[in-house]
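A.B. asks: In the working numbering, the protein residues as written are 630 to 995.
Heads up, the beta-carbon is just placed ideally off N, CA and C, and yes, glycines get one too.
The structure presented is a predicted model; accordingly, all values stated were derived computationally and were not measured.
Take a look at this one; I'll ask things after.
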Ligand SMILES: Cc1ncc(COP(=O)(O)O)c(C=O)c1O
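Written out as C-alpha cells, the structure reads:
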C-alpha cells in the first residue's frame, strides 16, 4: 500500500457524484442528455437570484464577507432566530465534514443509517471515528429504536438524513422528538434536512420545531436542492451559539463565495418561486411513481425529489443501458444493487426516462 497518506484515508472509497451531462456527451457523442442523477431542481433558481448575480457589483477581486453577515442576518429573520445560531458552509457537505472534525476525535463513535448519504461515513472515517451504520428496516424505513440501540458510551455524533437520501423515507415528528430526547446529552444530533422542502406528509416536522427538545442539535439546510443553486455551494447549520463558535474555529476562511452569498440572499426573498417549483416536483413525484409501479417495478414511498426504484435486475446494468439512451440516473451500492435512484425532473424529462427505461426493460438488454 502507498505511504502517500494515512491508511484510513487510503482505504476510503471516494464519493461518486452523479455523472455530469457534458461527460456523457463527450463519451457517447449523445447531444440530448437528460440528467436525473443529483437531485437538483430542474426548474433552477429564482430569477431574483440570477438578477442579483448579474448586477455586476460583486467585487470579484475582493474576498467574500468571511462571516456571511448579510446572508446570516436574512436567514436569522427567515427562521426567527439569531445570526449567532447560524454557520454557513460551502454546501451542507462541508458542514458534515466540519462537524466530524470539530465534534469528535479518533476512537470516538458516530451513528448513521444505511443506506444513507455517504458523506456521513466519509467524514467519520476521515476523522478516524468508529461508526455504526444502522440498517434501515427493509433497506428503506427508519427505526428510532435501532438508532438508539447503536449508541454506545463513546458515541459523539448521530446523523439522520430526514428525508433520507437515497430512500426518500422520513422520521415522523413524534419519533424524531423521541430520538432527540432519548439520546445521551454528550451526543450531537445532526439532522440533515437537504430535502425537507419536498415533504408533504402531515406527520413530518422540520427539526427547527424541535429545538427545545435537545441542546446538542445541528440542523443542516442547503440552497442546492429546492432553491436550485447547487452550482454555488451554499448550505448552513443551525445550532447553539456555542456550536457555531466552535465550528468557526476550524471553518476555512472565506468558505462561501460572494456569488453564493448574494444569490442565496436573493433566493430567500422569492418564496413564490420556491413554492411553485416544489409543488410541481411533488405533483410529478406521485405521477412518476405511479407510472413506474404500473410497469411492475417497486418504488419506495418518497418525501424527497427523487425515487428509489427496485428494477429487479442489476441496477448498474440498467444505469449503463440508460446512459446509452442519453438518460443519467444513479446506480446504488449494496444492499440496493437491484435499485436505481432517479431525480424527479420536468414532465418531459420524466417521460423521456420512463420511455427509455421501458425500452431497456422490454428489449431485455439487461
Ligand atoms: C442528504 C444530503 N445531505 C447533504 C447533501 C449535500 O448537499 P450540498 O453540499 O450541495 O448542500 C446532499 C447532496 O446530495 C444530500 O443528499
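Identify whether residue 958 lies in helix, strand or coil by the three-state DSSP scheme.
C.D. replies: In the structure shown, residue 958 sits in coil (DSSP, three-state: anything other than H, G, I, E or B).
A.B. asks: Taking its Cβ as the centre, do 16 or more other Cβ atoms sit within 10 Å of residue 799, making it buried, or is it exposed?
C.D. replies: Counting Cβ neighbours within 10 Å, residue 799 comes out buried, since at least 16 surround it.
A.B. asks: Could you tell me if residue 756 is buried or exposed, where buried requires 16 or more neighbouring beta carbons within 10 angstroms of its beta carbon?
C.D. replies: Its Cβ being crowded by 16 or more others within 10 Å, residue 756 is buried.
A.B. asks: Hey, would you say residue 914 sits closer than 7 Å to residue 973, going by beta carbons?
C.D. replies: Against a cut-off of 7 Å, the Cβ pair of residue 973 and residue 914 comes out as a contact.
A.B. asks: For a cutoff of 7 Å on Cβ pairs, would you count residue 958 as touching chain C?
C.D. replies: The structure shown contains no chain C; it is built from a single protein chain.
A.B. asks: CB-CB under 6 Å to residue 821, same chain, minus the five flanking residues each way: which ones, in chain order?
C.D. replies: For residue 821, where only same-chain residues beyond five positions count, the Cβ hits under 6 Å are 790, 849.
A.B. asks: Drop a sphere of 10 angstroms on the beta-carbon of residue 932, count the other beta-carbons inside from all chains shown, and report buried for 16 or more, exposed for fewer.
C.D. replies: Buried, by the Cβ-count rule.
A.B. asks: Put residue 766 into one of helix, strand or coil per three-state DSSP.
C.D. replies: Residue state, collapsed to three classes: strand.
A.B. asks: Quick check: is any heavy atom of ligand 1 less than 6 Å from the C-beta of residue 726?
C.D. replies: It does not: the Cβ of residue 726 is nowhere closer than 6 Å to a heavy atom of ligand 1.
A.B. asks: Once you ignore the five residues that flank residue 940 on each side, which residues in its own chain have a CB closer than 7 Å to its CB?
C.D. replies: For residue 940, where only same-chain residues beyond five positions count, the Cβ hits under 7 Å are 926, 947, 967, 968, 969.
A.B. asks: In whole angstroms, what is the alpha-carbon distance linking residue 763 and residue 753?
C.D. replies: Distance between the alpha carbons of residue 763 and residue 753 is about 14 Å.
A.B. asks: From 712, 727, 713, pick the residue whose C-alpha is nearest to that of residue 719; which is it?
C.D. replies: Of 712, 727, 713, the residue nearest in Cα terms is 727.
A.B. asks: Starting from the N-terminal side, write out each stretch of the beta strand (DSSP E) that is 3 residues or longer and does not extend beyond the region 935 to 986.
C.D. replies: For the region 935 to 986, whole beta strand (DSSP E) runs of length 3 or above, ordered along the chain, are 935 to 939, 968 to 972.
A.B. asks: Given a cut-off of 7 Å, decide if residue 856 and residue 896 are closer than it, judged by their beta-carbon atoms.
C.D. replies: Yes; because the gap between Cβ atoms is below 7 Å, this pair is in contact.
A.B. asks: Use the C-beta contact count for residue 661: other C-beta atoms within 10 angstroms, 16 or more gives buried, fewer gives exposed.
C.D. replies: Answer is exposed; the Cβ neighbour count stays below 16.
A.B. asks: When you compare each of 826, 991, 987 to residue 670 by their alpha carbons, which one comes out closest?
C.D. replies: Answer by Cα proximity: 826.
A.B. asks: Compute the distance between the beta-carbons of residue 918 and residue 936, then report whether it is under 7 Å.
C.D. replies: Their beta carbons are under 7 Å apart, which means residue 918 touches residue 936 by this criterion.
A.B. asks: Is residue 675 close to ligand 1? I mean its beta-carbon at under 6 Å from any heavy atom of the ligand.
C.D. replies: The answer is no for residue 675.
A.B. asks: Under 6 Å, CB to any heavy atom of ligand 1. Which residues pass, going along the chain?
C.D. replies: Answer in sequence order: 668, 720, 721, 722, 746, 790, 794, 821, 823, 851, 853, 859, 864.
A.B. asks: Determine the burial state of residue 863: buried for a count of at least 16 other Cβ atoms within 10 Å of its Cβ, exposed for fewer.
C.D. replies: Buried.
A.B. asks: For residue 984, count the other beta carbons within 10 Å of its own beta carbon; 16 or more makes it buried, fewer makes it exposed. Which is it?
C.D. replies: Under this definition residue 984 is an exposed residue.
A.B. asks: Going along the chain, which unbroken runs of the alpha helix (DSSP H) with 4 or more residues stay wholly within the region 663 to 717?
C.D. replies: Entirely contained in the region 663 to 717, the alpha helix (DSSP H) runs reaching 4 residues are, in chain order, 676 to 683, 698 to 708.
A.B. asks: What is the residue span of the alpha helix (DSSP H) that residue 786 lies within?
C.D. replies: Counting along the chain, residue 786 falls outside any alpha helix (DSSP H), though it belongs to the beta strand (DSSP E) covering 784 to 790.
A.B. asks: How would you call residue 734, buried or exposed, if buried means at least 16 neighbouring beta carbons within 10 angstroms?
C.D. replies: With fewer than 16 other Cβ atoms within 10 Å, it is exposed.
A.B. asks: So for residue 812, helix, strand or coil by DSSP?
C.D. replies: Of the three classes helix, strand and coil, the one that applies to residue 812 here is coil, per DSSP.
A.B. asks: What three-state label does DSSP hand residue 851 in the structure shown?
C.D. replies: Residue 851 falls in the strand class under three-state DSSP.
A.B. asks: Who are the near neighbours of residue 731 in its chain, counting only those whose CB is closer than 8 Å to its CB and skipping five residues on each side?
C.D. replies: Answer for residue 731: 875, 876, 878, 879, listed in chain order.
A.B. asks: To which residues of the same chain is residue 666 closer than 7 Å at the C-beta, ignoring the five residues directly before and after it?
C.D. replies: Correct list, in chain order: 647, 648, 957, 958, 959, 972.
A.B. asks: Just the Cα atoms here: how many angstroms apart are residue 922 and residue 747?
C.D. replies: For residue 922 and residue 747, the distance between alpha carbons rounds to 27 Å.
A.B. asks: So, helix, strand or coil for residue 839, using DSSP?
C.D. replies: Residue state, collapsed to three classes: helix.
A.B. asks: Which residue comes first and which comes last in the beta strand (DSSP E) that contains residue 866?
C.D. replies: Here the beta strand (DSSP E) through residue 866 covers 864 to 867.
A.B. asks: My parser needs the beta strand (DSSP E) runs of 3 or more residues fully inside the region 731 to 758; what are they?
C.D. replies: Entirely contained in the region 731 to 758, the beta strand (DSSP E) runs reaching 3 residues are, in chain order, 738 to 743.
A.B. asks: Give the straight-line distance between the Cα atoms of residue 673 and residue 691, rounded to the nearest whole angstrom.
C.D. replies: Taking the straight line from one Cα to the other gives about 27 Å.
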